[in-house]
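In this note's numbering, the protein residues as written are 13 to 124.
For glycine and all other residues, C-beta sits at the position ideal for the given N, C-alpha and C.
Note that this is a predicted model, so its numbers are computed, not measured.
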């Protein structure tokens, strides 16, 4: 398995505030939150960017949104934004696909 910051969190080599975990995903609080609630839904399978997804990853990626929905419901949030960053120019800093889920404030459009 390719080692990333997130694989180190998954294997407990690096601490994180974990909101949820199951066999396929871990949800952690972002260490640089951009909203009062800012969690990351991370698949345990390492996929560097959205450009590296294959047809075999269809259910895994769809599951990320269902995990986000459940976590937000548990946190009492019904309004939230989901964001994938893909590549350096889009500000992807960890090359392990992850879904940002932000809530707790008004968001503007278009995003920055």
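### Task
Give me the Cα-Cα distance between residue 38 and residue 65, rounded to the nearest whole angstrom.
What you label residue 38 is simply residue 26 of the chain shown in a count that begins at 1. What you label residue 65 is simply residue 53 of the chain shown in a count that begins at 1. Between residue 38 and residue 65, the C-alpha separation is close to 19 Å.
### Query
Taking contact to mean at least 3 C-beta pairs separated by less than 8 Å, is the segment 71-87 in contact with the segment 22-39?
yes
### Message
Please report the straight-line C-alpha distance between residue 20 and residue 59, rounded to a whole angstrom.
### Response
Taking the first residue of the chain shown as 1, we reach residue 20 at position 8. Taking the first residue of the chain shown as 1, we reach residue 59 at position 47. Cα to Cα, residue 20 sits roughly 15 Å from residue 59.
### C-beta atoms of residue 112 and residue 54 nearer than 8 Å
Counting from one through the chain shown, the residue named residue 112 turns up at place 100. Counting from one through the chain shown, the residue named residue 54 turns up at place 42. No, the Cβ-Cβ distance between residue 112 and residue 54 is not below 8 Å.
### Buried versus exposed, by CB contacts within 10 Å (16 or more), residue 102
As a position in the chain shown, residue 102 is number 90, starting the count at 1. Exposed, by the Cβ-count rule.
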